[in-house]
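This report concerns only the one structure given below.
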Amino acid sequence: MKRKDLIKLLESNGWRFKRNGGGHDIYTDGNNIEPIPRHKEISEELAKTIIKRRNLK
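Residue numbering for the sequence shown follows this note's numbering, starting at 15 and increasing by one per position.
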């Protein structure tokens, strides 16, 4: 999955950019945080895990 597509999905579900980490960007929904790796492509397995864990639609 492309990184920008995962970020669009997060943002459309109310998540917003919080800060940069070492090799990740940190997104938050106000209560939880989710690190997103800074790679152009994110593995399907990781993308599916994030989508399932955060109940993204």
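Beta carbons are placed, not taken as given, at the ideal position from N, Cα and C, and that holds for glycine.
Outcome for residue i when other beta-carbon atoms lying within 10 angstroms are tallied against a minimum of 16
i	result
residue 56	buried
Of the listed residues the options, nearest to residue i (C-alpha basis)
i	options	result
residue 46	53, 32, 37 and 52	32
residue 41	58, 59 and 22	22
residue 29	37, 62 and 50	50
residue 39	66, 69, 18 and 71	18
Residues that residue i bridges to, as DSSP identifies them
i	result
residue 17	Note: residue 17 sits in no beta bridge, so no partner.
Would you list, in sequence order, the uninterrupted beta strand (DSSP E) runs of no fewer than 3 residues that lie entirely inside the stretch 33-68?
Counting only runs of 3 or more residues that sit fully inside the stretch 33-68, the beta strand (DSSP E) segments are 38-42 and 47-51, in chain order.
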